[in-house]
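Trainee: Residues in the first sequence are numbered from 13 upward in steps of one, following our numbering. My questions all concern the structure below.
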Amino acid sequence: MQFKIEKKLKNSLGRVGVLTTPHGEIKTPAFVAVGTKATVKSLNPEQVKDAGVQVVLGNTYHLYLQPGDEIVRDAGGIGKFMNWSGPTMTDSGGFQVFSLGVAYGKDISKIAKITDSSLLIPERFDDSDAPRLAKIGQDGVSFKSHLDGSIYYITPEKSIQIQHNLGADIIFAFDECTSPVEDLKYQEEALERTHRWAERSLKEHQKLLDSPLEEYPKGEVDEFSTPSRKRATPQEGNFKPALFGIVQGGREKSLRKQSAKIIAEINVDGKYFDGFGIGGSFAKEDMSSAVKWVNEILPEEKPRHLLGIGEPEDFFMGIENGVDLFDCVLPTRLGRNGTIYTKFGKIIITNTKFRNDFLPIEKDCECYTCKNYTKSYIAHLFHGKEMLAGTLASIHNLYFITHLVDNIRESIINDTFYEYKKEFLQNYKSR
RNA sequence: GCGUCGGUGGUGGAGUGGUCUAUCACAGGAGACUGUAAAUCUCCCGCCCUCGGGCUUCGUAGGUUCGAAUCCUACCCGGCGCA
C-alpha cells in the first residue's frame, strides 16, 4: 500500500491524495461503503461501483461467525468471494466490543446526544449485570454470537489472523470503542488496553507477513486461534495487507493526544502502522476537536480513517481536519429504512406528500435511481414492502454521499473548498 | 314468511354486566437510525384539548341495572336452513 498526498488545503490539516492498494487506487478523501457481511446490503457490486464507491469495508466479527474466515480465505479473499474487484478493508471487530457490549440493548450509539442524561452522571454506574453479548476479558473479548449464542473469544492476535484470512487490502488493529458514558478512569483504562492490543495486533500482523505463506508457524498459535494449513490466498499473489492502528481516548483532549502519539509510535522491529483509524463514540459537538487533536499529531504522510462517520456535514469537518477515509452505514441503512438524502436535506420517502410526486428524488442527480424512477414509485415500493425499494434508495444515497466526498475533493483541488462548504451546508440545512 | 346465527373503531378480529375508547394484528400517520444484533425500531392512530383532562362511541331505538359493547324488547341489515 502506498499513499501520496497531491494537494493540501491551505491553513488546515486537509489534503487530497491517492491511496494505492493491490486492488487499485483510492482517490482520497473517499467514502468507504460498508459491506459488513461481504455485501453492501441490497446492492450487487456493479450497483455499488456505479454509485461511485471505490472501496468496501467488511467486518471481522460478522464474517468470522458466518461463513467463517477460512471459507472466505479459501474463496480467494473477501474481494473475490463477493465479486468486488476493487480495494477492500476489514474492520477488526473492535466496534462490536462496544455495540454488543455496553451499548447492547441500550440507546447508546456511535453518536451520543449531548442531551443524554446518562452523560451527566458523573460516576460510572455499575451495570455489569446488564445483558450484553460482548465482555472484555484479560487479554481479549468474549463474544456470545448473536446468531446462535455460541461463545467466541477474540484476542488481538485472533482478530489479525481472521483478517489475514479474510484477505482485505487494509485491515485494522483490534481496539475497544468506548462509550461516552464511561468516566475518565474507565477511559484511561480502556485506552491503555487499546494501546496494548494495538501493539499485539501489529506484532501478530508482522509475524504473519514474515511467515511462510503456506502455513501458520507451528506451536505459536494461541489457544483461541484456529490453526490452518494455509494463509489467505491473494487474488493476484503478493498478498500484503496494510494494517491501520486505531486511536481512541473518548472526549478527553489529553487522552486523544496521548493515544495519537502512542499509536503513531508503536512499532515492531521498526515496522509501524501503515495508517490510522480514529475511533470512538462521540457527542457530535466533540467530534471536530477530537479529530483535530489527533490529526495534528499523527504522521502527515500516512492515511487516516475516521471510523463510522458520517453525515454530510461530517465530511466537511473531517476533511478540513485531515481525514482521508470515512465509512458509514447511514447511506444504506437510511436507504433501506426509507430516508433519502437530497441537497436540501433528508426526506422520508414514505411521507404522504410523495405518493403522487412524479418527479425524481433530485432532478439533476445522475444516479440510476434518479434517472429512471419517480418519488411516487419509490414511495409505492416502500409502502408495498418491495425489495427494490431499499435497493433504489441505497443506490441514490450511496451515490449522493460518494459524490459529495468527490466534490469536496475537487473543491480542494480547485481552491474552492470553503465556498463549496458554505454553499452546500446552506442548502442542506435550509429545509 | 318461519327458524337460526350474527352485526364491535379504516380492515380483520378479541371482548360477552363494572378494571372499555374497547386486547391484538393489518392498513394509515409521524419520527429515529453515524467502524450494521437493523428491509429495523419508536410513538400516534373516535372528537376536543391549557396534554392534566374533558366529551362521545360497539347496527338503530327503547328498557332492565348503581353500572350495558356485554342482559331484555322491537326494528333495520346480512349469512344459513326450511317453506
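Just so you know, even glycine gets a beta-carbon here, dropped at the ideal spot from N, CA and C.
1) Starting from N419 and walking both ways along the alpha helix (DSSP H), at which residues does that stretch end?
2) Taking only three categories from DSSP, how would you classify Y380?
3) So within the stretch 253-330, which uninterrupted alpha helix (DSSP H) runs reach at least 4 residues, ignoring any that extend past its ends?
4) Do you know whose CA, among I373, P311, V417, lies nearest K16's CA?
5) Hey, out of V417, G117, S266, whose CA is closest to F436's CA?
6) Might you give, ordered along the chain, the residues of its own chain that have their beta carbon closer than 7 Å to the beta carbon of N439, omitting 5 neighbours on each side?
7) Give me whichever residues DSSP pairs with C468 in a beta bridge.
8) Are the stretch 254-261 and the stretch 38-56 touching by the rule of at least three beta carbon pairs closer than 8 Å?
9) Give the straight-line distance between the Cα atoms of I425 and M329, rounded to the nearest whole angstrom.
10) Taking the alpha carbon of V60 as the point to measure from, which residue in A405, K365, G262, A295 has its own alpha carbon closest?
11) Between E204 and I309, what straight-line distance do the alpha-carbon atoms span, to the nearest angstrom?
12) How long is the line joining the alpha carbons of E201 and D195, rounded to whole angstroms?
13) Report yes if the CB atom of A391 is closer than 7 Å to the CB atom of F370, and no otherwise.
14) Is W305 near K265, with beta carbons less than 7 Å apart?
15) If we require 3 or more residues per run, which beta strand (DSSP E) segments fall completely within the stretch 60-114?
16) Helix, strand or coil: how does DSSP classify S171 here?
17) Where E398 and L214 are concerned, what is the direct C-alpha to C-alpha distance, given to the nearest angstrom?
18) Indicate the three-state DSSP secondary structure (helix, strand or coil) for S388 in the structure shown.
19) Give the DSSP-derived three-state secondary structure of T364 in the structure shown.
20) Please state whether DSSP places K441 in a helix, a strand or coil.
21) Span of the alpha helix (DSSP H) holding Y198?
22) With a threshold of 6 Å on Cβ separation, who are the neighbours of I183 within its own chain once the five nearest residues in sequence on each side are excluded?
23) Should the stretch 288-305 be called in touch with the stretch 216-224, which here means at least 3 C-beta pairs below 8 Å?
24) Quick one, which of T33, G26, A42, Q14 has its alpha-carbon nearest F414's?
25) According to the Cβ coordinates, are L31 and P315 closer than 7 Å?
26) Give a yes or no on whether the C-beta atoms belonging to I352 and I373 are separated by under 7 Å.
27) Between L112 and A146, how many whole angstroms is the CB-CB distance? I'm expecting something under 8 Å.
28) Please return the same chain residues whose Cβ sits closer than 8 Å to the Cβ of S130, not counting the five positions on each side in sequence.
29) Per DSSP, which one or two residues make a beta bridge with K358?
30) Span of the beta strand (DSSP E) holding I120?
31) Helix, strand or coil for G149? Go by DSSP, reduced to three states.
32) Look at L25 and N333 and say whether their C-beta atoms are less than 7 Å apart.
33) Following the continuous beta strand (DSSP E) through K375, name the residue where it begins and the one where it ends.
34) Going by the DSSP bridge assignment, what does E37 pair with across the sheet?
35) Between L346 and D222, what straight-line distance do the alpha-carbon atoms span, to the nearest angstrom?
36) Residues in the same chain with beta-carbon distance under 8 Å from G350, minus the five sequence neighbours each way, listed in chain order, please.
Mentor: Once the coordinates are examined:
1) 399-425
2) helix
3) 265-277, 296-309
4) Here the closest residue by C-alpha is P311.
5) V417
6) Contacts found: K355, F356.
7) Residue coverage of the chain in this structure runs from 13 to 443, which leaves residue 468 outside it and unanswerable.
8) no
9) Taking the straight line joining both Cα atoms gives about 17 Å.
10) Looking only at A405, K365, G262, A295, the smallest Cα-Cα distance to V60 is reached by A405.
11) 18 Å
12) 10 Å
13) no
14) Taking 7 Å as the Cβ cut-off, W305 and K265 qualify as a contacting pair.
15) As summarised for the stretch 60-114, the continuous beta strand (DSSP E) elements at least 3 residues long and confined to that stretch are 68-71, 100-103, given in chain order.
16) helix
17) 45 Å
18) helix
19) helix
20) coil
21) 196-222
22) T102, Q175, P253, L255
23) no
24) In the sequence under discussion, the amino acid at residue 414 is Thr, which differs from the Phe named in the question. For the residues T33, G26, A42, Q14, the minimum Cα distance to T414 belongs to A42.
25) yes
26) yes
27) 4 Å
28) Unreliable placement is indicated for S130, whose pLDDT of 48 sits below 50; no coordinate value is reported for it.
29) Y353
30) Annotation for I120: no beta strand (DSSP E) segment contains it, and DSSP assigns it neither H nor E.
31) coil
32) yes
33) No beta strand (DSSP E) contains K375, which DSSP labels as neither H nor E.
34) T32
35) Rounded to the nearest angstrom, the two C-alpha atoms are 42 Å apart.
36) The residues are I360, I361, T362, F394, A401, A405.
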